[in-house]
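Sequence order for the protein chains is A, B and C. Letter by letter, the first sequence follows residues 70 to 137 of my numbering. Letter by letter, the second sequence follows residues 725 to 1086 of my numbering. Letter by letter, the third sequence follows residues 8 to 349 of my numbering. Everything on this sheet refers to the single structure shown next.
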Amino acid sequence: MLERLPDGLARVDFGGVRRSVSVAFTPEAQQGDWVLVHVGFALAMLDEEEAQATLRLLGEAIDAELSA
Amino acid sequence: MRYLDEYRSPLAVAALAAGLHADRHVKLMEVCGGHTHAIYRHGIDTLLPGEIELVHGPGCPVCVIPMGRIDDAVSIAERPEVIFTSFGDMLRVPGGRRRSLLEAKARGADVRIVYSPLDALAIARENADREVVFFGVGFETTAPAVALTLQRARELDVRNFSVFCNHVLVAPALRAILDSPDTEIDGFIGPGHVSTVIGTRPYEFICSEYGRPVVVSGFEPTDILQAVAGLLAQLREGRAEVENEYGRVVRRKGNPAALAALEEVFTVRDDFEWRGLGAIPRSAYRIADAFGAWDAENRFEVPGARIEDPKACRCGDVLRGMAKPYECRVFGTACTPEKPLGTCMVSSEGACAAYYAYRRVA
Amino acid sequence: MRGVLRVPESRVSDDVVTLAHGAGGKASRRLVEELFLPELRNPLLEPLGDSALVSANGTRLALTTDSYVVRPLVFPGGDIGELAVNGTVNDLAVSGATPIALTAGFVIEEGFPLDDLRSLTRSAARAAAAAGVAIAAGDTKVVERGAADGLYITTSGIGLLDPRVRLDAARVVPGDRVLVSGGIAEHGIAVMIARGNLALELDVESDTAPVHRLTAALCALGDDLRWMRDPTRGGLATTLNELAAGARASVVLQEEAIPVRDDVRAACELLGIDPLYVANEGKLVAVVAARAAEAALVALGEGAAIVGEMRADDLPLVLAETPFGGARIVDMLVGDPLPRIC
């Protein structure tokens, strides 16, 4: 999320492409947050802790395989 | 993009795939069109051992719209005063007599592709002398966006805008599949993005009433493989629970603001015809009376015909996981992405389109 | 890959021309093969290359024509004038010819502002000068308000074939490498932005440019240069499908090697389109012998990449291999995501 705009909108960057999306469903999202966008609406914020947890599980799977 | 590359790491994919086995033949249904597409794009099913079979469920909202409703959409689009707006993937879906929206466009109808329903509302505001209709298609991932757009239309009193509502619900469709006598599904890979809205609670009945495990999954190869691993573990241990592999964006309670918008703008229809699955009770939305002035079905007369699928079409069997695309007699011959007989071939998320794109016959 | 479906070509007759016929994909091909070719049949036309190769008193020439109906007329990075010149220069260049002269026909809508016409003509002149060609002859017609959408331009070009090369897809052999001169999908995205109905902000410009200097450098490879084409409508995918059909061999791509700018890729993902099917206007595809691949890369300069190689196959296809060892078939374009792209 690049910046909040008036009227329940925000400017979001998708890897170099920018567009305004509605944040009606993610009112707590702030500049710098990562959001999941669908048809012009932010539906969910990326939960950093959960993302890290999933990555840790992947790391464990790789370790398990390499030591097998 | 952040948090993308790691989920696609070939090392992780290989590691996860190597750890998968089952002691009997297991059928796992993936419900979401996005999952079907991801699986075939990355060749994930080729990484699985033979005893684990992935079957495709009715998770493609474009595929399940019956031909009669397409005809209704086309009849609205053909009116000279109408600007008909739609998501791109609906344009080539064939109706009955009246063919597809793309063909209607070729014959002069003003049909326009939009990325968001808000863009359709903007078109209405910029064209006060025309009637703008939005083709509302999609599961609970998309319906909140349309709900919000209708709220905005009412707030701004935009008189020349309406929605032709064909939004459908995931959970009732899953129940219909589980109730079907020839269903042999052992577990479900739960839809990713629908779950950001509805949460994981709506799937709990699959475990409590039907004893099958569910793991909600993201769309990267590692997500899907982790979900399969989770299902296999549950089956091995005799458990049937809803697990969430996609915790980074899905919460059990879903998105309250989106659910509230759905509650306000839509009511659930008594029943709705699903292509290939027949009528499923309480499985689709219609626009609530409070927003009736923005309901295209109140504004326009539509034929409302119930059209039989072509006899050769096995979309229904494919959608229920009973047949693979290449088992349909017309797959790749009379039915191709260019000239589709059934909608499983048209939408980029349809099982047949995915199989055709990757030329799969086994 | 487990099994491959043989798909018979479906012969369907549409009774009217649709936008799909203009998209550069399957429908376009059918229109040419089922309507134009039977009516116009002659040996010069049948190869259906980017240019016709004609001989006059022992001199080998390339001859080509193209019409430009792009909407809007001006877009980030260029306009219809520039496009009309570069497009035809490129059709000559990828046929192994040095462009000599062009003609330009203008079909103008009544009411079109003279200042705009002057500006677009100036663009065409600049592009011609940059490419070292003269617009030697032309024609103008005016049609009633409502027809021609402002302006249509048709250009024809003539060029001198380079004696060092004999470009023919039939000369391609398994093991030959496929190269692309730079990032794909930029022109199509730039035109979409200019159409203004995307509500996306990005700084992508059309890649319209003449490629004759690149092709001349490649011609130095002589027999090791097998085939070239500029991937315009229908994108890289369509061009590679034509290659597979002409060479009767499969094109095996490495998905990760295909150059696409990050923001172009992001825009394509948002719009649900595959960059392989989006138009380019300043790029070329070349097939060279394996031993010449490094030299070809140097000749093409920065941004160029080896994207795949040719493989013997009973059923010639274009295949894109992913890092996980999966492969997907890249079919020819079906339908028309972006009408009036060039």
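Glycine included, each C-beta is placed from N, C-alpha and C at the ideal position. Quantities reported herein were computed from a predicted structural model and do not represent experimental measurements.
- Following the DSSP letters along the chain, one finds P1005 of chain B inside the beta strand (DSSP E) bounded by residues G1002 to P1005.
- Distances from the alpha-carbon of L127 of chain C to those of C:I142, C:L158, C:E116 and C:L99 put C:L158 closest.
- Distance from the CA of L74 of chain A to the CA of R80 of chain A, rounded to the nearest whole angstrom, comes to 7 Å.
- Contact between R88 of chain A and L207 of chain C holds: CB atoms are separated by about 5 Å, below the 8 Å threshold.
- Here the region 91 to 104 of chain C lies against the region 129 to 149 of chain C, with 3 or more beta-carbon pairs under 8 Å apart.
- The beta carbon of L304 of chain C lies closer than 8 Å to those of L186, A311, A312 and I313 in the same chain, with the five residues before and after it left out.
- Annotation note: the region 1002 to 1083 of chain B contains the following uninterrupted alpha helix (DSSP H) runs of length 4 or greater, listed N- to C-terminal: 1020 to 1023, 1039 to 1043 and 1075 to 1081.
- Under the 7 Å criterion on CB atoms, T239 of chain C is classed as non-interfacial with respect to chain B.
- A111 of chain A is not a Cβ neighbour of V86 of chain A, given a cutoff of 7 Å.
- In the DSSP assignment, T865 of chain B falls outside any alpha helix (DSSP H), carrying neither H nor E.
- For G914 of chain B, the secondary structure class from DSSP, reduced to helix, strand or coil, is strand.
- Counting of Cβ neighbours within 10 angstroms places H107 of chain A among the buried residues, the total reaching 16 or more.
- The closest CA to that of V882 of chain B, considering only B:F1015, B:M1046 and B:F1024, is found on B:F1015.
- The CB of D102 of chain A never comes closer than 7 Å to any CB in chain B; the least such distance is about 12 Å.
- Apart from sequence neighbours up to five positions away, the residues of its chain that approach A1078 of chain B with a beta-carbon distance below 6 Å are T760, H761 and Y764, ordered along the chain.
- Of the candidates B:K977, B:A871 and B:R876, B:A871 places its Cα closest to the Cα of T991 of chain B.
- Ranked by Cα distance from P181 of chain C, the first of C:V149, C:L340 and C:S257 is C:S257.
- With contacts defined as CB atoms closer than 7 Å, N968 of chain B and T924 of chain B qualify as a contacting pair.
- At a cut-off of 7 Å between beta-carbon atoms, N979 of chain B makes contact with chain A.
- C:L109 is the residue among C:S130, C:L109, C:A136 and C:V179 whose C-alpha sits nearest the C-alpha of D146 of chain C.
- For A1081 of chain B, the chain C residues whose Cβ falls inside 8 Å of its Cβ are R335, I336 and D338, in order along the chain.
- In this structure, V101 of chain C sits near D57 of chain C, with a CB-CB distance shorter than 7 Å.
- A residue is called buried once 16 or more other Cβ atoms fall within 10 Å of its Cβ, and H749 of chain B, having fewer, is exposed.
- The residue among B:P1005, B:Y1009 and B:F996 with its C-alpha nearest the C-alpha of A985 of chain B is B:Y1009.
- Contact between F912 of chain B and M753 of chain B holds: CB atoms are separated by about 5 Å, below the 8 Å threshold.
- By the Cβ test, the region 973 to 984 of chain B is not in contact with the region 787 to 804 of chain B, since fewer than three Cβ pairs between them sit closer than 8 Å.
- Going by beta carbons, F863 of chain B and V918 of chain B fall inside the 7 Å limit.
- For M199 of chain C, the closest C-alpha among the options C:V218, C:E151, C:L232 and C:C275 is that of C:C275.
- With fewer than 16 other Cβ atoms inside 10 Å of its own Cβ, A154 of chain C counts as exposed.
- In the structure shown, G229 of chain C falls within a helical segment according to DSSP collapsed to helix, strand and coil.
- Neighbours of V86 of chain A across chain C, judged by C-beta separation under 8 Å: L207, E208, L209, D270, A273, A274 and L277.
- Positions of the alpha helix (DSSP H) runs, each at least 4 residues long and wholly inside the region 53 to 120 of chain C, are given as 87 to 100 in order along the chain.
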